[in-house]
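What the sequence shown shows, in our numbering, is residues 1 to 380, in sequence order. Even for Gly, the Cβ is constructed at its ideal location relative to N, Cα and C.
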Amino acid sequence: MPATPLPDSLLLNGRRYAYRDIQQYPGHAGGDINGYEARVLDFCRQWLNGVQEFVLTTSGSTGPAQPITLKRSQLLASARRTVDYFGLGPGHRMLVCLNCEFIGGLMMLVRALEHGMHLTIVEPVADPFALLPLEADFDFGSLVPLQLRAVLAQGHAPRLERMRAILIGGAPLDHGLSQQVQALQVPLYHTYGMTETCSHVALRRLNGPEASEFYRVLPGLHVEQDARGCLAIRGDVTLQELVQTNDLVRFLEHDHSQFAWLGRADFVINSGGVKVPAEKVELVLEVALVEVGLSGRRAFVAGLPDERLGQQVTAIVEGDALPPAEETQLLELLRQRLGRYEVPRAVHYAPQFAQTASGKLNRRATLQALGLAANEGKLA
Numbered sequence: 001m002p003a004t005p006l007p008d009s010l011l012l013n014g015r016r017y018a019y020r021d022i023q024q025y026p027g028h029a030g031g032d033i034n035g036y037e038a039r040v041l042d043f044c045r046q047w048l049n050g051v052q053e054f055v056l057t058t059s060g061s062t063g064p065a066q067p068i069t070l071k072r073s074q075l076l077a078s079a080r081r082t083v084d085y086f087g088l089g090p091g092h093r094m095l096v097c098l099n100c101e102f103i104g105g106l107m108m109l110v111r112a113l114e115h116g117m118h119l120t121i122v123e124p125v126a127d128p129f130a131l132l133p134l135e136a137d138f139d140f141g142s143l144v145p146l147q148l149r150a151v152l153a154q155g156h157a158p159r160l161e162r163m164r165a166i167l168i169g170g171a172p173l174d175h176g177l178s179q180q181v182q183a184l185q186v187p188l189y190h191t192y193g194m195t196e197t198c199s200h201v202a203l204r205r206l207n208g209p210e211a212s213e214f215y216r217v218l219p220g221l222h223v224e225q226d227a228r229g230c231l232a233i234r235g236d237v238t239l240q241e242l243v244q245t246n247d248l249v250r251f252l253e254h255d256h257s258q259f260a261w262l263g264r265a266d267f268v269i270n271s272g273g274v275k276v277p278a279e280k281v282e283l284v285l286e287v288a289l290v291e292v293g294l295s296g297r298r299a300f301v302a303g304l305p306d307e308r309l310g311q312q313v314t315a316i317v318e319g320d321a322l323p324p325a326e327e328t329q330l331l332e333l334l335r336q337r338l339g340r341y342e343v344p345r346a347v348h349y350a351p352q353f354a355q356t357a358s359g360k361l362n363r364r365a366t367l368q369a370l371g372l373a374a375n376e377g378k379l380a
């Protein structure tokens with residue numbers, strides 16, 4: 001059992017479950033719960049009964065999802081580090097609206113269960129506050145960018161402002177959303193981490209005077225670079241094994257506890273023999289979409305097969321096709337800001353982007369739905 005005294009129950013989709021009953025789950029539950037609720041309660045049962053190993057699935061954002069086994073000691077170390085960093089503890093109220101079948105949501109459960117915080121759990125929908133009573137207030141929570149955008153669009157900013165801090169993870173923030181959050185006073189932190197590191201190992205402030213492009217590594221963890229300039233991580237959350245990533249980073253001069261994320265080493269489009277960094281093109285594309293009046297439209301780039309170039313840089317934009325004049329304006333902005341081989345040679349439109357089960361953009365499935373092909377291993 002957790003060392004810190006716990007509240008005696010949690011709230012899941014508006015229904016209260018006593019911890020003593022959860023420990024006996026599923027005997028008490030009957031059939032009046034959905035599949036997601038059953039899986040959340042089952043994890044809580046395992047945790048409260050002291051299970052030592054848990055099998056999770058990686059998010060699938062950079063390749064096929066894979067099962068991974070994490071030890072209780074790793075999850076405990078990660079939870080303790082976050083709780084200490086934010087000064088959280090018994091009695092604080094935690095909102096869990098991420099998918100608890102993946103590491104981001106699951107670690108929210110562990111932090112609360114292990115450190116005596118009140119748990120309110122809702123389905124991972126775009127606007128979680130739509131499922132909550134107006135009087136429900138929280139101290140801490142975590143959102144993906146899609147949820148943050150929806151919450152702000154629905155006028156829930158005052159509810160965010162009453163929180164101590166909010167984690168934003170699962171995907172990069174586009175330019176428009178990054179600008180929008182500057183009006184918020186509540187501290188927002190963009191997370192860096194993965195299933196293999198039991199959620200985040202570094203945070204960067206998104207708003208306020210401490211906003212930065214650099215992630216700050218949490219205390220007690222070691223980071224380094226390989227010969228490619230990609231980040232590697234070691235610590236109690238990895239059982240002291242070095243976890244090598246494909247993320248290119250730039251350390252702050254004279255301070256290797258802070259780094260800027262530059263993109264993925266395996267996400268390079270080879271067009272006519274020129275290596276095009278896809279993330280760079282996507283960032284310029286996002287800004288250009290805002291400038292032509294399309295703030296909030298998601299987009300990404302892909303290297304599609306081309307007989308002459310090998311791979312052709314192609315833009316995929318979510319939503320209806322732009323009128324010819326607006327598309328011409330968009331491409332002209334890209335030509336002004338990108339190199340010759342970096343400019344997308346075609347624009348395709350997807351009614352809606354596909355997402356992984358954890359809510360991340362699924363590039364491969366989106367392209368397949370459009371009948372487009374891309375090199376295997378480069379997209380997810």
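Cα-Cα separation between residue 296 and residue 124, rounded to whole angstroms: 20 Å
Go through its chain and collect everything with a Cβ distance to residue 39's Cβ below 8 Å, but skip five positions before and after it. 100 and 101
Can you tell me whether residue 226 is buried or exposed? The criterion is at least 16 other CB atoms within 10 Å of its CB, across all chains shown. Classification for residue 226: exposed.
Thinking just about the alpha-carbon of each residue, which of 135, 131, 150 and 79 is nearest to the one in residue 116? The shortest C-alpha separation from residue 116 is found at 79.
According to DSSP, is residue 237 part of a helix, a strand, or is it coil? helix
Out of 68, 245 and 288, point me to the one whose CA is closest to residue 315's CA. 288
If you draw a straight line from the C-alpha of residue 23 to the C-alpha of residue 219, how long is it? 33 Å
Taking the alpha helix (DSSP H) that residue 145 belongs to, which residues open and close that run? Residues 145–153.
Can you tell me the Cα-Cα spacing of residue 91 and residue 82, whole angstroms? 16 Å
In the DSSP assignment, find the alpha helix (DSSP H) that holds residue 390 and state where it starts and stops. Residue 390 is absent from the structure shown; the chain starts at 1 and stops at 380.
Residue 268: beta carbon under 8 Å from a heavy atom of the ligand MG? Absence of the ligand MG from the depicted structure is noted, as is the absence of any ligand whatsoever, leaving it without description.
Are there 16 or more other CB atoms within 10 angstroms of the CB of residue 87, so buried, or fewer, so exposed? Exposed is the call here.
Alpha-carbon to alpha-carbon, residue 145 and residue 152: 11 Å
Assuming residue 67 is part of the alpha helix (DSSP H), what are its boundary residues? In the DSSP assignment, residue 67 falls outside any alpha helix (DSSP H) and lies within the beta strand (DSSP E) extending over 67–71.
By DSSP, does residue 209 sit in helix, in strand, or in coil? coil
Return the CA-CA distance between residue 126 and residue 327, expressed in angstroms with no decimal places. 29 Å
Nearest to residue 113 by alpha carbon, out of 10, 67, 240 and 300? Measuring from the Cα of residue 113, the nearest candidate turns out to be 10.
Distance CB(residue 341)-CB(residue 268) smaller than 9 Å: Not a contact, by the Cβ cut-off of 9 Å.
Nearest CA to the CA of residue 281: which residue from 317, 55, 344 and 306? 344
Alpha carbon of residue 230 to alpha carbon of residue 185, nearest angstrom: 33 Å
State buried or exposed for residue 62, treating a residue as buried only when at least 16 other CB atoms are found within 10 Å of its CB. Because residue 62 carries a pLDDT of 48, less than 50, the predicted location of this residue cannot be relied on, and the following value inherits that uncertainty. Classification of residue 62: buried, given that the 10 Å Cβ count is 16 or more.
Whose C-alpha, out of 237, 233, 271 and 224, is nearest the C-alpha of residue 251? The candidate whose alpha carbon is nearest that of residue 251 is 224.
Can you tell me whether residue 162 is buried or exposed, with buried defined as 16 or more other CB within 10 angstroms of its CB? Result: exposed.
Indicate the three-state DSSP secondary structure (helix, strand or coil) for residue 288 in the structure shown. helix
For residue 302 and residue 313, the rounded distance between their alpha carbons: 6 Å
Would you decide whether residue 139 is buried or exposed? Buried here means 16 or more other CB atoms lie within 10 Å of its CB. buried
Residue 159 to residue 55 span [Cα, whole Å]: 34 Å
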